[in-house]
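> Counting the sequence shown from 1 gives a position; my numbering is that position plus 466.
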Amino acid sequence: GFLPNATAHIAHHILIYGCSVPGYHQRDTPNAVWDCGEMAGGKSGYHRAPVCADGSQIIYAWALDAPPLELPKGVGFTVGGDSGVNFLVLQVHYADISSFVNGQTDYSGITLQMVDRSFGLVKRRAGVYLLGTGGMLPSRKETHLETACKIKEDITLFPFAFRAHTHKLGLAVSGWKVVRDSLSKKNQWTLIGKRNPQLPQMFYSLNEPMKIKKGDVLAARCTMFNYRDHTTFIGNTNNDEMCNFYIMYYVDGDRILDEKYCFSAGYPTYDWVSDPRIINVPNWVDKAASKLD
C-alpha cells in the first residue's frame with residue numbers, strides 16, 4: 467500500500483514514477499535530488515533533468531490530503547528484477563515552500579509497504595493507465611477537455627480504482643469504457659468513474675467489477691470553468707490547469723500494458739465527436755460526463 471506523509475497546504479500533489487533509468491543519478495547516493503524542470507520560472511540550485519531518462523511509468527499519485535491506499539489482496543506493483551522499474555522517483559509539486567526556505571527540512575513523501583516477491587503473496591501485477599489532455603480554457607466559459615485511446619495490446623485489464631486530477635478550475639472528471647457492438651455497430655458506454663476534483667484526490671474504488679480488453683476505447687472528460695479574466699493553459703504550475711484521469715488495474719499474470727499514457731491536444735483541437743473511434747456521443751453520456759451525482 468501507499469501511506470502519504472504530506473499536507474495539501476505544502477505539497478500540491480505528489481507522484482511516484484517507476485524508471486528504468488532516472489533523469490539524474492549520483493553515484494553511491496540513493497536519495498539524489500534534482501529539478502525535474504516542470505515548474506515554470508525561477509532559477510534552481512539543483513541539477514536540472516527530466517523525471518526519467520528512460521522507461522517512465524506512473525505508479526502512484528496523491529493530492530488534496532487524500533488518505534492511504536490499500537491494494538486488493540494479492541495485487542501489487544512489481545519493481546526491480548526484470549520489471550523495467552529499476553528506480554523509484556518521488557516528484558513533489560509544491561504549493562507553498564515558505565515554511566522551509568530558511569534551512570528547515572520538508573519531509574513530504576510517501577511510505578511504501580513492500581514485500582519480497584519470493585514470498586508468493588502477490589499473484590496479480592498492478593499498473594496505472596493515465597488519460598490526459600493539453601489545451602486551453604477561454605476566460606469566463608465552461609470548457610470540456612476530452613481524450614480517448616484504443617487498447618491495442620492483447621491483455622485483459624481488471625480496473626479496481628480511479629483518480630481524478632485538475633487544479634482549481636475543474637468541476638467534474640469522468641472516465642469511460644467504449645465498446646463497439648458488433649451487431650448494431652453502435653458504441654456501448656460504461657462509466658469507469660466520476661469525481662469532483664476539488665475533493666480529496668485519492669484513488670476511489672470502482673462501483674462494479676469491469677474488464678477492459680483489446681479493441682476497447684478508454685475515454686475521459688474534464689469539465690472546467692475558467693472564472694478568470696484571462697485564458698488559462700494546461701501546464702504544471704499552480705496557475706495553469708491539468709486534466710488527468712488515472713485508472714489503476716491489475717492483470718492475471720505478470721504482463722501489464724506497454725502503452726501507459728493516452729493524451730490528446732485538448733480544446734480547441736480535439737474533442738470526442740471529431741474522433742472516428744467515437745463520433746456519436748449519446749445525450750445521456752454527454753450529460754452524465756459533466757454532471758456530478
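Here a beta-carbon is modelled for each residue, glycine too, at the ideal position from N, C-alpha and C.
(1) Excluding five sequence neighbours on each side, which residues of the same chain lie with their C-beta closer than 7 Å to the C-beta of L537?
(2) Under a three-way DSSP split, which group does N471 fall into?
(3) For the beta strand (DSSP E) that contains N726, what are its first and last residues?
(4) How is the alpha helix (DSSP H) around N749 delimited, first residue to last?
(5) According to the neighbour-count rule (16 or more other Cβ atoms, all chains shown, within 10 Å of its Cβ), is K679 buried or exposed?
(6) What is the C-beta distance between V588 and V581, in whole angstroms, given that I count them as a contact (C-beta under 8 Å)?
(7) Going by DSSP, what residues sit across from F716 in a beta bridge?
(8) Keeping to the same chain, check which residues put their C-beta closer than 6 Å to that of E608; ignore five residues upstream and five downstream.
(9) What did DSSP end up calling S640 once you bin it into helix, strand or coil?
(10) Under the three-state reduction of DSSP, which class applies to S730: helix, strand or coil?
(11) Tell me which residue opens and which closes the beta strand (DSSP E) that R687 is part of.
(12) To the nearest angstrom, report how far apart P488 and P748 are at their CA atoms.
(13) From D531 to A474, what distance separates their C-alpha atoms?
(14) Candidates K726, V717, K753, D706: which alpha carbon is nearest H559's?
(15) With DSSP as the reference, label S671 as helix, strand or coil.
Put simply:
(1) G467, A592
(2) Of the three classes helix, strand and coil, the one that applies to N471 here is strand, per DSSP.
(3) The residue asked about is misnamed: residue 726 is Lys in this sequence, not Asn. Run containing K726: none; DSSP gives neither H nor E here.
(4) Here the alpha helix (DSSP H) through N749 covers 749-754.
(5) When all chains shown are included, K679 counts as exposed.
(6) 7 Å
(7) The question names Phe, yet the displayed sequence has Tyr at residue 716. Note: Y716 sits in a beta bridge opposite A592, F624.
(8) If we look at E608 and ignore the five residues flanking it on each side, its Cβ neighbours are F691.
(9) strand
(10) strand
(11) 683-692
(12) 44 Å
(13) 5 Å
(14) That would be D706, whose Cα lies nearest to the Cα of H559.
(15) strand
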